[in-house]
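One structure is given below, encoded as structure tokens.
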Amino acid sequence: MPPLAPPSRHDIQLRINGMPHALEVESWTPLLDLLRDHLDLTGTKKGCDHGQCGACTVLVGGVRVLSCLTLAVMHDGGEVTTVEGLAQGDDLHPLQQAFMEHDAFQCGYCTPGQLCSAVGLANEGHAKSLDDVRELMSGNLCRCGAYAQIAQAVAQVVIGPGPHASEVARTAWIAGTTVNARAVRAPEEPA
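Going by the numbering used here, the letters in the sequence shown line up with residues -1 to 189, in that order.
See below:
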């Protein structure tokens, strides 16, 4: 039996966080593994490795992408932004600042993916309400349950200063289908 051929490798060019990179990778290397294992950009997290948690979200050409589900070779010549590339020197990205102001993290593991997803959401321009933000961020899971703070932080940047009320929660309160009506009542409603 003849010896097995070595795995095929491909030369690719990527611009990552504004810096050009010439890389040689196997054809099956996920973008996530390239970032973490080859370039030591460990801000992007490996969560489920199946595209279900959003911890690995990065921006490719300004669009949010699950880096565990996309191959590095697919983005040859592309522009990738990770959480490390959001700030400009010591100046935080407005979403990073809003996450701090709203205490939108607990353990912080999901935060890089949440931030990149929020930047992508802002680039898309579809969110017009808190409920839109919540729906459009639903692909990013937070095991600590900081969803309310995350949604408020993203809404502050994408929609404008809040506090923002949820029409879905308000409707549930009026219909009497919520357990904790006082917590979800819009600020302008009487007690």
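Note that CB positions come from ideal geometry on N, CA and C, so glycine has one too.
How would you label residue 154, buried or exposed, when you count the other beta carbons within 10 angstroms and need 16 or more for buried?
Classification for residue 154: buried.
What are the start and end residues of each continuous alpha helix (DSSP H) run of 4 or more residues lying completely inside the region 123 to 164, in chain order?
Annotation note: the region 123 to 164 contains the following uninterrupted alpha helix (DSSP H) runs of length 4 or greater, listed N- to C-terminal: 128 to 134, 145 to 156.
DSSP state of residue 17 mapped onto helix, strand, coil
Three-state DSSP puts residue 17 in a strand.
What's the gap between the Cα of residue 152 and the Cα of residue 105?
In this structure, the CA atom of residue 152 is about 18 Å from the CA atom of residue 105.
Close Cβ partners of residue 189 (< 6 Å) along its chain, the five nearest in sequence each way excluded
Residue confidence is low: residue 189 scores 46 on pLDDT, short of 50, so the model does not pin down where it sits. Its coordinate-derived value is still stated next. So the list is empty, once near-sequence residues are dropped.
For the candidate residues 38, 119, 73, whose alpha-carbon lies nearest to that of residue 62?
Residue 62 has its Cα closest to that of 119, out of 38, 119, 73.
With 16 other CB atoms within 10 Å as the buried threshold, where does residue 111 fall?
Taking all protein chains in view, the Cβ of residue 111 is crowded by 16 or more other Cβ atoms within 10 Å, so the residue is classified as buried.
For residue 136, which residues from the same chain have a beta carbon less than 8 Å from its beta carbon, with the 5 sequence-adjacent residues on both sides left out?
Annotation for residue 136: no residue places its beta carbon closer than 8 Å to its own, counting only its chain and skipping 5 residues before and after.
Name the one or two DSSP bridge partners that residue 28 has.
Bridge pairing for residue 28: 69 [DSSP].
Please report how far the alpha carbon of residue 19 lies from the alpha carbon of residue 53, in whole angstroms.
Cα to Cα, the separation comes out at about 23 Å.
Are the CB atoms of residue 77 and residue 34 within a distance shorter than 7 Å?
For the pair residue 34 and residue 77, the CB atoms are not nearer than the 7 Å cut-off.
Compare the beta carbon distance of residue 113 and residue 134 with 7 Å and say whether it is the shorter of the two.
Contact flag unset, no.
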